[in-house]
Structure formats: C-alpha cells, structure tokens
Amino acid sequence: MKILLIDDSRTMRNIQKKVLSAMDNVEISEAADGLEALAAVGEQGPFDLMLVDWNMPNMDGFTFVTKIRENDKTTPMIMVTTEAEKSRVLEALKAGVNNYAVKPFTPDALLEKIRQTLEKAGAGG
Amino acid sequence: MPETQGNKVNPKLIVPFVKSAQDVFSTMAATKVTVGKPTIKKDPMPSYDISGIVGFSGEVVGSIVVSFHEQTSVKLVEAFAGEALEYGSNDFIDALGELCNMVAGAAKKDFGLDASISIPSVITGANHRVARMSDAPCLVIPCTTAAGEFAMEISVKQVSPAV
Ligand SMILES: [Mg+2]
C-alpha cells in the first residue's frame, strides 16, 4: 500500500510514520506542502491513501485536496490537522476528504481513522 | 481576570489556551501541565530562552507566544518527537513549532469565532524580542510540568465580524 504523508512539520510526519508502522506492507512517501504533494502525486502516484495537513506554507492542504479532486474522485484522503471547528470539518468533507483527524491525536485514534477510511474506500469500490 | 489600560482581557479567548496546552502536552508528549496565576505583561521580552509564535487573524487578531526554558524545551521536544533532538537544530525548531501550532489550533476551536492561525515561527537567543500583533493586553500564563516551566503569553482580541 502506497501512502503519501503531507505535513510541513517533519516531526509530525515522523510521528505519523511510526503510527503507520503498525500496518503491513506500507510504502511511505512524504511532502512538506501542497505543491510538493502535487509533484509527488505526478511522479510517484497513484497512492492508496493520502494524509493531508491543513496549515502549510506555499500551498495549504485544503487547496491541495480541491485540486486533487478536480480529476481524482477516489483516492482516499484524510485531513490530519489542528483545525477542529465543525465548519472546517464540513468544508474539508465538501472539498472531498474521506475522513478527518484532529491534532493532537493518540496513535490509536489516528490508526482507527486510517482503518475506517481504507475499509470504506475498499467497500465502496 | 486582570485588566489594563481599559483593554479588558476576554476570558472566552484565554481559557481555551489552558485546555489546549493541557491536551496537547498530555496527548503528544505524555506530560501533565499545571497552570499558575496569570499576570499582565508590558515589556516585549519573552519570558525564557526559546519561543514559538503563532498569529491569529479573522474574527480574532493577535498572537500566542509559548516561551520555554532551554532545558524544558529539550525535554518536551524529546517526549514529543520520541527521540532527543539537538537544541536549536532545524529538527528541534520544527518540533517546537508544531507543538505551538497544536496549542494555537486546539485553542482556536473553542473561541466560537471564525479565526485562522499562521504557520508557527520559532525564535531563540537571550533577550529575543517578539513584535506582538495587536494592541490587546498580553496575559502571561505560567505553566509547570515535570520537564520544567514554560509560559504562554497570549495577546488576542476579538474584532467585529464584517457585516
Ligand atoms: Mg502544519
């Protein structure tokens, strides 16, 4: 399973990598902002899952999600962010994320969101 | 709550930071945070050696500066990152910035207002100065942990939403 981790904090990406190490057969790529992530999708995609931070320099995660969904309706994406207002969650879902995880998170909570998301995506098609 | 120069400190914008700091450090760094009595601060010098800064915009303007003793920051960053990082290195600054990002973001959700946060920045060095982003009073909340002390310096105010 190919996963793209998108977060401007390398520490946060490392923490998410540790969480993902609980899963079998994952191959992880990383990007530090939306622009890098678009490049990664072009060069290394398609991915089976993308974890997307919201607040990043150059291109934020919300813009990235919107751009991806212009022609890719299916790749599962989870927003992983400190943005926690209901209005933000709804905005992100409307833009096309499949699930939403709020920072701070426990490893179990993030893993559960990932499992839910992959299960639903698998069941859906 | 303290008051200064006719500018009232708005508890609705302060209390969320106490909760968010406790949430962030307990969830991400297995560290309990105890807060002390807040004071109003006038001089622009941060309290300690290294500071993370996040700005607010939208219906709330201003900033939070989270200022740490060097030794406190070293221990908290290690607990967060899961490994010891060299004080002042890029990775160290990244980790401290992300902690402050989470403190600001988790507080923002409890404002009940439409606000945005900036990308965090981190400043180090003795007597570093931080330009505050509004004329709101600066409230300092001292925080104690098993790793040592840090302070949240909160200077935020609500601005009327555009009609
Ligand atoms: Mg970020």
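Sequence lines, in order, name chains A and B.
Counting in my numbering, the first sequence runs from 1 upward without gaps.
Counting in my numbering, the second sequence runs from 1001 upward without gaps.
Every residue, glycine too, gets a C-beta built ideally from N, C-alpha and C.
Remember, it's a predicted structure, so these values are computed and weren't measured experimentally.
Keeping to the same chain, check which residues put their C-beta closer than 8 Å to that of residue i; ignore five residues upstream and five downstream.
| i | result |
| --- | --- |
| A1095(B) | V1077, F1080, A1081 and L1085 |
| T117(A) | L49, P76, I78, N98 and N99 |
| V65(A) | V52, M77, M79, A92, A95, G96 and V97 |
| D1110(B) | V1015, P1016, K1019 and S1020 |
| N25(A) | M1 |
Please list, in chain order, all residues of the same chain as residue i whose beta carbon is under 6 Å from its beta carbon, the five residues on each side excluded.
| i | result |
| --- | --- |
| G1052(B) | V1066, L1096, G1097, C1100, P1120 and V1122 |
| T1145(B) | T1031 and V1033 |
| T1004(B) | Interpretation of T1004(B) is limited by its pLDDT of 40, a score under 50 that renders its predicted location unreliable; no figure is taken from the coordinates. |
| P1142(B) | G1036 and A1151 |
| S1057(B) | S1116 |
| M1001(B) | Here M1001(B) scores only 47 on pLDDT, less than 50, and its place in the model is too uncertain to base an answer on. |
| Y1048(B) | S1067, F1068 and H1069 |
By alpha-carbon positions, which one of the options ends up nearest to residue i?
| i | options | result |
| --- | --- | --- |
| V1103(B) | F105(A), A109(A) and T82(A) | T82(A) |
| N71(A) | M56(A), W54(A), P46(A) and V89(A) | P46(A) |
| E30(A) | E85(A), P107(A), M12(A) and M23(A) | M12(A) |
| D1091(B) | I3(A), D24(A), S9(A) and L4(A) | S9(A) |
| F1068(B) | C1138(B), T1124(B), S1089(B) and S1057(B) | T1124(B) |
| F62(A) | V89(A), Q44(A), T74(A) and K73(A) | V89(A) |
| S21(A) | L38(A), Q44(A), K2(A) and P57(A) | K2(A) |
| T1072(B) | A1151(B), V1159(B), F1056(B) and D1114(B) | A1151(B) |
| V971(B) | E1153(B), S1160(B) and K1157(B) | One cannot answer for residue 971(B) here, as it falls past the ends of chain B, which runs 1001 to 1163. |
| K17(A) | L110(A), K120(A) and G122(A) | L110(A) |
| N55(A) | D1135(B), L1139(B), G1105(B) and V1140(B) | G1105(B) |
| M23(A) | I68(A), I114(A), P57(A) and E85(A) | I114(A) |
| P1016(B) | D60(A), D33(A) and A84(A) | A84(A) |
| V1054(B) | G1062(B), Y1048(B) and S1047(B) | G1062(B) |
| I68(A) | D108(A), M59(A) and L38(A) | L38(A) |
| D1043(B) | S1026(B), T1027(B) and L1139(B) | L1139(B) |
| I1050(B) | S1089(B), T1027(B) and P1038(B) | S1089(B) |
| G122(A) | T74(A), K86(A) and E27(A) | T74(A) |
So what's residue i in DSSP terms, helix, strand or just coil?
| i | result |
| --- | --- |
| N1010(B) | coil |
| E1059(B) | coil |
| G27(A) | The displayed chain sequence assigns Glu, not Gly, to residue 27(A). Strand. |
| F105(A) | coil |
| E1003(B) | Only weak support exists for where E1003(B) lies, its pLDDT of 41 falling under 50; the coordinates are left without a value. |
| M1028(B) | helix |
| F64(A) | helix |
| P1142(B) | strand |
| K1157(B) | strand |
| A32(A) | coil |
| V1103(B) | helix |
| T82(A) | coil |
| E12(A) | Residue identity check: residue 12(A) is Met in the sequence provided, not Glu. Of the three classes helix, strand and coil, the one that applies to M12(A) here is helix, per DSSP. |
| N1090(B) | helix |
| V1072(B) | Per the sequence shown, residue 1072(B) should be read as Thr rather than Val. Correct three-state label for T1072(B): helix. |
| V41(A) | helix |
| K94(A) | helix |
| A1151(B) | strand |
| L1085(B) | coil |
Starting from the C-beta of residue i, find all residues in its chain whose C-beta is less than 7 Å away, skip the five residues before and the five after it, and write them out in chain order.
| i | result |
| --- | --- |
| A1030(B) | A1079 |
| K1075(B) | A1147 and G1148 |
| A40(A) | L4, S29 and A31 |
| Q1158(B) | N1010, L1013, E1059, V1060 and L1113 |
| D60(A) | G34 and W54 |
| said: Which residues of the region 9-27 of chain A have a Cβ closer than 9 Å to any Cβ of chain B? Give them in chain order. | reply: If the cut-off is 9 Å between Cβ atoms, the region 9-27 of chain A has S9, R10, T11, M12, N14, I15 and K18 near chain B.
| Any residues in the region 1097-1112 of chain B with a beta carbon nearer than 8 Å to a beta carbon of chain A? Which ones, in chain order? | Result list: G1097, E1098, N1101, M1102, A1104, G1105, A1106, K1108 and K1109.
| task | Output, in sequence order along the chain, the residues in the region 80-108 of chain A whose CB is closer than 9 Å to any CB in chain B. | result | For the region 80-108 of chain A, the residues whose beta carbon sits under 9 Å from a beta carbon of chain B are, in order, T81, T82, E83, A84, E85, K86, S87, R88, V102, K103, P104, F105 and T106.
| message | Using a Cβ-Cβ cutoff of 8 Å, what residues of the region 45-68 of chain A are near chain B? List them in chain order. | response | Residues passing the 8 Å Cβ filter: N55, M56 and P57.
| message | Which residues end up in the neighbourhood of ligand 1 when you take C-beta atoms closer than 6 Å to any of its heavy atoms? | response | Taken from the N-terminal end onward, the list reads D7(A), D8(A), S9(A), D53(A), N55(A), M56(A) and N1101(B).
| message | Can you pull out the residues from the region 1010-1038 of chain B whose beta carbon lies closer than 7 Å to at least one beta carbon of chain A? | response | Taking a C-beta cut-off of 7 Å against chain A, the contacting residues of the region 1010-1038 of chain B are D1023, V1024, T1027 and M1028, listed in chain order.
| Going along the region 1075-1087 of chain B in order, which residues come within less than 9 Å of chain A, judged by CB to CB distance? | Going along the region 1075-1087 of chain B in chain order, one finds V1077, F1080, A1081, G1082, E1083 and L1085 with a Cβ nearer than 9 Å to chain A.
| query | Given a limit of 7 Å on CB to CB distance, which residues of the region 1111-1125 of chain B reach chain A? | reply | The region 1111-1125 of chain B vs chain A, Cβ under 7 Å: I1117 and I1119.
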